[in-house]
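Peer 1:
Residue numbers (this note's numbering): 1 to 214.
Structural data, given as structure tokens:
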């Protein structure tokens, strides 16, 4: 069962959470209303094989969905218009935003892709990754649950006193504090039961209640 979420994915509303200079840099590169690259010289071209997924990336790429197949054809014809956001890692570059575009580019036969490289902290990278993905039009309950838990855990790790990072991200995407907490609890379900929640075989509320059991 999918959740509709059509909120824009601009970066400026993250400035109270992450390094404001990072937000300014990303806003300089992207124009939110149309996601059009404004400043091409801020992008670089990297071999697609040097990019790897964000660690424990909670969002799935449905390679059989019609919109994904349309993306493959668009990239095959026009290339990637919106660059991938990455950060350096020990074995290449970690994708922060653009997992679907990278997957589509591989199917389209591209060997290189445009990227924006930023040396982001684990906290900033997690917040940007979640924020840019959670705004997708279709997102499953399990994806959202794991994403909010990642924000919650990284916030605690950073010692964000007086600020629950997951709840702040939830506020940006029209989820109440209580709803974010319920999603975080849901993330503790085993994968089999999470699949039941996503498919509608198990009600969301029931899944949350079950997640309190050991």
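Just so it is clear, CB atoms sit at the ideal spot from N, CA and C, and this is done for glycine as well. Just so you know, these numbers come straight off a predicted model, no measurement behind them.
In the DSSP assignment, what residue or residues form a beta bridge with residue 94?
Peer 2: Beta-bridge pairing links residue 94 to 52, 87.
Peer 1: Roughly how many angstroms separate the alpha carbons of residue 116 and residue 176, rounded to a whole number?
Peer 2: When rounded, the distance between both Cα atoms is 32 Å.
Peer 1: From the DSSP output, which residues share a beta bridge with residue 117?
Peer 2: Bridge partners of residue 117: 86.
Peer 1: Could you tell me which of 128, 146, 63 sits nearest to residue 19, measuring between CA atoms?
Peer 2: Of 128, 146, 63, the residue nearest in Cα terms is 128.
Peer 1: Mind checking whether residue 184 and residue 166 have CB atoms under 9 Å apart?
Peer 2: In contact: residue 184 and residue 166 (Cβ atoms closer than 9 Å).
Peer 1: In chain order, what residues of the same chain lie with their CB nearer than 7 Å to the CB of residue 80, ignoring the 5 residues before and after it?
Peer 2: 101, 105, 113, 114, listed in sequence order.
Peer 1: Provide the residue span of the beta strand (DSSP E) that contains residue 45, from first to last.
Peer 2: Start and end: 44 to 47.
Peer 1: Below 9 Å between beta carbons: does that hold for residue 87 and residue 125?
Peer 2: Against a cut-off of 9 Å, the Cβ pair of residue 125 and residue 87 comes out as a contact.
Peer 1: Residue 180 to residue 195, Cα distance in whole Å?
Peer 2: Rounded to the nearest angstrom, the two C-alpha atoms are 19 Å apart.
Peer 1: Going straight from the alpha carbon of residue 205 to that of residue 63, what length do you get?
Peer 2: If you take the alpha carbons of residue 205 and residue 63, they lie about 29 Å apart.
Peer 1: Over the uninterrupted alpha helix (DSSP H) stretch that includes residue 209, give me the two end residues.
Peer 2: Start and end: 204 to 210.
Peer 1: According to DSSP, what are the bridge partners of residue 112?
Peer 2: Note: residue 112 sits in a beta bridge opposite 47.
Peer 1: Among the candidates 96, 49, 164, 48, whose CA atom is the shortest distance from the CA of residue 58?
Peer 2: Among 96, 49, 164, 48, the Cα nearest to that of residue 58 is on 96.
Peer 1: Classify residue 155 as buried or exposed, calling it buried when 16 or more other Cβ atoms lie within 10 Å of its own Cβ.
Peer 2: Under this definition residue 155 is a buried residue.
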